[in-house]
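Below: one structure, written as structure tokens.
Number of protein chains: 2
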Amino acid sequence: MSIRVACAQIPLSIGDTAGNRTAARIAVEQAARDGAQLVVLPELASSGYVFADRAELATLAETRDGPAIAEWANLAEAFGLTIVAGFPEAAGDAIYNSAAVVDPTGLRGVYRKAHLWDSENAVFDRGDDLPLVLDTAHGRIGVMICYDIEFPEWVRAAALSGADLLCAPVNWPLLPRPEGERPAEMVRALAGAGMNRMPMAVCDRVGVERDQDWVGGSVIIDADGYPMAMAEFGKADVIAADVDLAESRVKRINAHNDVHADRRVDLYRRTALLD
Amino acid sequence: MSIRVACAQIPLSIGDTAGNRTAARIAVEQAARDGAQLVVLPELASSGYVFADRAELATLAETRDGPAIAEWANLAEAFGLTIVAGFPEAAGDAIYNSAAVVDPTGLRGVYRKAHLWDSENAVFDRGDDLPLVLDTAHGRIGVMICYDIEFPEWVRAAALSGADLLCAPVNWPLLPRPEGERPAEMVRALAGAGMNRMPMAVCDRVGVERDQDWVGGSVIIDADGYPMAMAEFGKADVIAADVDLAESRVKRINAHNDVHADRRVDLYRRTALLD
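These protein sequence lines map, in sequence, to chains V and E.
Residues in the first sequence are numbered consecutively from 1, following this note's numbering.
Residues in the second sequence are numbered consecutively from 1, following this note's numbering.
Structure representation (structure tokens):
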């Protein structure tokens, strides 16, 4: 089963929730016109990212019945899409860096980021969810957020749970890198997809916020770990590719090897992996 | 502490053990003239790779006191080097795809490949060693072989054991890949180095054997996961770089993050990672 997957690499502005919802809506409409069935939006797509402090974050956080998820659910229903998108989630006294999955039937699930990046640690509560893996109208998808995908244990866990496509809203900060090299985060995503034969849709953002610029490195990756579509670095863009979800069910790569069955769990248990 | 690391991407010929030793010797001498303190040679550097069957492999396998290790130990002593090199190891009735570490004091350790690639499964016995990590005259090095490095659990285990530099003899078979893309194996090596802040020296080979060609993709990788030196694909070459081993002791990447301490072991235990 092949589905058309899009990543909407949109500009976001800290605090402008209405403007951010509009940017997302326009991009989702564009993706839908291009035939997309699943659209990934960036991390914290409703709020922007560079919070001055937790008090500011608190004013931008939303519950699961807030306006961001309502808007995305409306779009999902209107266009017959599944949407994966990041938002700051208010839950009692806690605030999580979360990602929602909505499909034409409404809100399907929420994942709370387990590996917090840099100053997120100062403003967010850390999630204790396992990688979200759920059956949608458009396949069995996994969800995690940004720094999460730099932990190969986490990507492996999603693959072992049967995700056919890993969707990752991200905000990749622009950092120095050697001339001609792809950002290290992208290299890790490519490797994670290939080592698990699990296609991946990574949606980054653009739009400088409080002097913070972003890679703008959205990428859709096939089961072999090669890019099927890549955004132009740093530019607003909607990228799309037809992803064969059946590919992820075939972990075998030759007569003798299977990327999951070849794991030496007997030996891994003797290491410090889970100490 | 910075050490000069070389990878000797040499041509090998199946069955020509004397010729393969000579190719290795010439390359090690060249690396030593260039100031190398640690030299990595390819997987199965003594024998070549494309064995017709186990019977042929058995004629090429050597014990730990065989001519290959004797030659490499002599070179290590003569030039004050540490050498990591692959050889087919005869051990009683078993034959392993092994890698030896020799330094000026002699044979320091042997690692037996735990993840066998393709038809290696038909001719080799599978090793049950953990990743080899040992202190040498030139730093605390880790050793694993080829397909091993495509298992992020294995690379992580070596890093958690304190390896300051992971040395990986490989024979990467040349497979189709999209135009302009690096081989998936190299991408996985780059990711593994960066995600663990553990520099890596991967030594590939050249020389078509029985219609099998090779990537020739040797690469020396820094703690950020970027290439410091890369061989020209498919060409015999000795590459070298000055690797700062102290870098690997710093897993912290900003005020809030540490690539090892950030692992959510509490959550990983709830996944199928070690099932």
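Every residue, glycine too, gets a C-beta built ideally from N, C-alpha and C.
Tell whether a beta-carbon distance below 8 Å holds between valine 219 of chain E and alanine 189 of chain E. To locate residue 219 of chain E, count along the second sequence from 1; it is residue 219. To locate residue 189 of chain E, count along the second sequence from 1; it is residue 189. Yes, the pair counts as a contact, with Cβ atoms nearer than the cut-off.
Whether or not the segment 121-140 of chain E and the segment 204-213 of chain E are in contact is what I'm after, with contact meaning three or more pairs of Cβ atoms, one per stretch, closer than 8 Å; do they touch? As far as the Cβ criterion goes, the segment 204-213 of chain E does not touch the segment 121-140 of chain E, which means the pair count is below three.
DSSP on glutamate 120 of chain V, reduced to helix/strand/coil? Stepping through the first sequence from its first residue, residue 120 of chain V is reached at position 120. DSSP, reduced to helix, strand and coil, places glutamate 120 of chain V within a helical segment of the structure shown.
Contained beta strand (DSSP E) runs [length at least 3] in the segment 164-235 of chain V, N- to C-terminal order: Every unbroken stretch of the beta strand (DSSP E) spanning 3 or more residues and falling wholly within the segment 164-235 of chain V is given here in chain order: 165-169, 200-203, 219-221, 227-230.
Counterpart residues of leucine 38 of chain E in DSSP-defined beta bridges: For this step, residue 38 of chain E is matched to residue 38 along the second sequence. For leucine 38 of chain E, which the question treats as bridged, DSSP gives the partners E:Val5, E:Thr82.
When the Cα atoms are used, what is the spatial distance from arginine 263 of chain V to arginine 21 of chain V? Numbered from its first residue, the first sequence carries residue 263 of chain V at position 263. Numbered from its first residue, the first sequence carries residue 21 of chain V at position 21. So the alpha carbons of these two residues sit roughly 43 Å apart.
In chain V, what lies closer than 7 Å to arginine 112 of chain E by C-beta? The residue given as residue 112 of chain E occupies position 112 in the second sequence. Neighbours of arginine 112 of chain E on chain V: none; closest Cβ ~11 Å, over 7 Å.
Give the secondary structure of leucine 130 of chain E by DSSP, where H, G and I count as helix, E and B as strand, and everything else as coil. As a working mapping, residue 130 of chain E is identified with position 130 in the second sequence. Correct three-state label for leucine 130 of chain E: coil.
When you compare the CB positions of valine 84 of chain E and valine 40 of chain E, do they come within less than 8 Å of one another, or not? For this step, residue 84 of chain E is matched to residue 84 along the second sequence. For this step, residue 40 of chain E is matched to residue 40 along the second sequence. Taking a C-beta distance under 8 Å as the contact criterion, valine 84 of chain E and valine 40 of chain E qualify as a contact pair.
Using a cut-off of 9 Å between C-beta atoms, extract the partners of aspartate 118 of chain V located in chain E. For the purposes of this step, residue 118 of chain V is taken as the residue at position 118 of the first sequence. Near aspartate 118 of chain V (Cβ distances below 9 Å), the residues of chain E are Ile253, Asn254, Ala255, His256, Asn257.
Looking at the strands, I want to know which residues DSSP matches up with glutamate 62 of chain V. Residue 62 of chain V sits at position 62 when you count from the first residue of the first sequence. Bridge partners of glutamate 62 of chain V according to DSSP: V:Glu89.
Which first and last residues belong to the alpha helix (DSSP H) in which arginine 156 of chain E is found? As a working note, residue 156 of chain E is residue 156 in the second sequence. Here the alpha helix (DSSP H) through arginine 156 of chain E covers 152-160.
In angstroms with no decimal places, state the Cα-to-Cα distance between arginine 197 of chain E and alanine 231 of chain E. As a first step, residue 197 of chain E must be located in the second sequence, where it is residue number 197. As a first step, residue 231 of chain E must be located in the second sequence, where it is residue number 231. If you draw a straight line from the Cα of arginine 197 of chain E to the Cα of alanine 231 of chain E, it is about 22 Å long.
Could you tell me whether the Cβ atoms of glutamine 37 of chain E and threonine 82 of chain E are closer together than 8 Å? For the purposes of this step, residue 37 of chain E is taken as the residue at position 37 of the second sequence. For the purposes of this step, residue 82 of chain E is taken as the residue at position 82 of the second sequence. Against a cut-off of 8 Å, the Cβ pair of threonine 82 of chain E and glutamine 37 of chain E comes out as a contact.
Can you tell me where the alpha helix (DSSP H) with arginine 25 of chain V in it begins and where it stops? Against the first sequence, residue 25 of chain V aligns to sequence position 25. Counted as a single uninterrupted DSSP element, the alpha helix (DSSP H) harbouring arginine 25 of chain V occupies residues 17-33.
Does the distance from the CB of isoleucine 145 of chain E to the CB of valine 170 of chain E come in under 8 Å? Start at 1 with the first residue of the second sequence, and residue 145 of chain E comes out as number 145. Start at 1 with the first residue of the second sequence, and residue 170 of chain E comes out as number 170. Taking 8 Å as the Cβ cut-off, isoleucine 145 of chain E and valine 170 of chain E qualify as a contacting pair.
For leucine 273 of chain E, which of helix, strand or coil comes out of DSSP? Within the second sequence, numbered from 1, the residue matching residue 273 of chain E stands at position 273. Coil.
Quick one: list the residues of chain E neighbouring aspartate 262 of chain V, beta-carbon separation under 7 Å, in chain order. Taking the first sequence and counting its residues from 1, one reaches residue 262 of chain V at position 262. Residues of chain E passing the Cβ test: His115.
Could you tell me which residues DSSP puts in a beta bridge with valine 243 of chain V? Along the first sequence, one-based indexing puts residue 243 of chain V at 243. According to DSSP, valine 243 of chain V bridges with V:Ile3.
Measuring straight from C-alpha to C-alpha, what distance separates serine 46 of chain E and valine 202 of chain V? Working through the second sequence from its first residue, we reach residue 46 of chain E at position 46. Working through the first sequence from its first residue, we reach residue 202 of chain V at position 202. Taking the straight line from one Cα to the other gives about 43 Å.
Proximal residues, the segment 125-146 of chain V versus chain E, C-beta separation under 7 Å: Listed in sequence order: Asp128, Leu130.
Decide if the segment 253-268 of chain E is in contact with the segment 147-163 of chain V; the criterion is three or more beta carbon pairs, one per stretch, under 8 Å apart. Contact holds: three or more Cβ-Cβ distances are below 8 Å.
Give me the Cβ distance between valine 284 of chain V and leucine 132 of chain V, rounded to the nearest whole Å; I'm assuming they're in contact under 8 Å. This structure cannot speak to residue 284 of chain V, because chain V is shown only from 1 to 275.
Decide if asparagine 74 of chain V is buried, meaning its Cβ has at least 16 other Cβ atoms within 10 Å, or exposed. Translated into the one-based positions of the first sequence, residue 74 of chain V becomes position 74. Exposed.
Between E:His115, E:Asp222, E:Asp65, E:Glu120, which has its C-alpha nearest proline 108 of chain E's C-alpha? Taking the first residue of the second sequence as 1, we reach residue 108 of chain E at position 108. One detail in the question is off: residue 108 of chain E reads as arginine in this sequence, not proline. Comparing Cα-Cα distances from arginine 108 of chain E to each of E:His115, E:Asp222, E:Asp65, E:Glu120, the minimum goes to E:Asp65.
For arginine 140 of chain V, does the three-state DSSP call read helix, strand or coil? Mapped onto the first sequence, residue 140 of chain V falls at position 140. Note: arginine 140 of chain V maps to strand in three-state DSSP.
Whose Cβ in chain E lies nearer than 9 Å to the Cβ of phenylalanine 51 of chain V? Mapped onto the first sequence, residue 51 of chain V falls at position 51. None at all; the shortest Cβ gap to chain E is about 14 Å.
Taking the C-alpha atoms as reference points, what is the distance between cysteine 167 of chain V and tyrosine 111 of chain V? Here residue 167 of chain V refers to the residue found at position 167 when the first sequence is read from its first residue. Here residue 111 of chain V refers to the residue found at position 111 when the first sequence is read from its first residue. Straight across, the Cα-Cα distance linking cysteine 167 of chain V with tyrosine 111 of chain V is about 11 Å.
Only counting the same chain, and skipping five residues up and downstream in sequence, which positions put a Cβ closer than 8 Å to that of arginine 269 of chain E? Along the second sequence, one-based indexing puts residue 269 of chain E at 269. The same chain holds no residue with a CB closer than 8 Å to that of arginine 269 of chain E once the five nearest residues on each side in sequence are set aside.
Quick one: residues in its chain with C-beta nearer than 8 Å to the C-beta of proline 42 of chain V, no 5 flanking neighbours on either side, listed in chain order? In the first sequence, the residue the question calls residue 42 of chain V occupies position 42. In chain order, Ala8, Gln9, Ile10, Leu12, Ala85, Gly86, Pro169, Val170, Asn171, Cys203, Asp204, Arg205 place their CB closer than 8 Å to the CB of proline 42 of chain V, counting only its own chain and leaving out the 5 sequence neighbours on each side.
Suppose contacts are defined by Cβ-Cβ distances below 8 Å. Is serine 2 of chain E in contact with aspartate 244 of chain E by that definition? Position 2 of the second sequence, counted from the start, is the residue given in the question as residue 2 of chain E. Position 244 of the second sequence, counted from the start, is the residue given in the question as residue 244 of chain E. Cβ distance < 8 Å, so serine 2 of chain E and aspartate 244 of chain E count as in contact.
Is the beta carbon of arginine 112 of chain V within less than 7 Å of some heavy atom of the ligand NAP? This structure lacks the ligand NAP; in fact it carries no ligand of any kind.
Does the beta-carbon distance from asparagine 257 of chain E to aspartate 118 of chain V come in below 8 Å? As a first step, residue 257 of chain E must be located in the second sequence, where it is residue number 257. As a first step, residue 118 of chain V must be located in the first sequence, where it is residue number 118. Yes; because the gap between Cβ atoms is below 8 Å, this pair is in contact.
How would you write the range of the beta strand (DSSP E) that leucine 107 of chain E sits in, first residue to last? Mapped onto the second sequence, residue 107 of chain E falls at position 107. For leucine 107 of chain E, the uninterrupted beta strand (DSSP E) segment begins and ends at 106-112.
Tell me whether the beta-carbon of alanine 223 of chain V lies closer than 8 Å to the beta-carbon of alanine 241 of chain V. Here residue 223 of chain V refers to the residue found at position 223 when the first sequence is read from its first residue. Here residue 241 of chain V refers to the residue found at position 241 when the first sequence is read from its first residue. No. Outside cutoff.
Would alanine 58 of chain V pass as a contact of isoleucine 95 of chain V if the rule is Cβ separation under 8 Å? Against the first sequence, residue 58 of chain V aligns to sequence position 58. Against the first sequence, residue 95 of chain V aligns to sequence position 95. Taking the C-beta atoms as reference points, isoleucine 95 of chain V is found nearer than 8 Å to alanine 58 of chain V.
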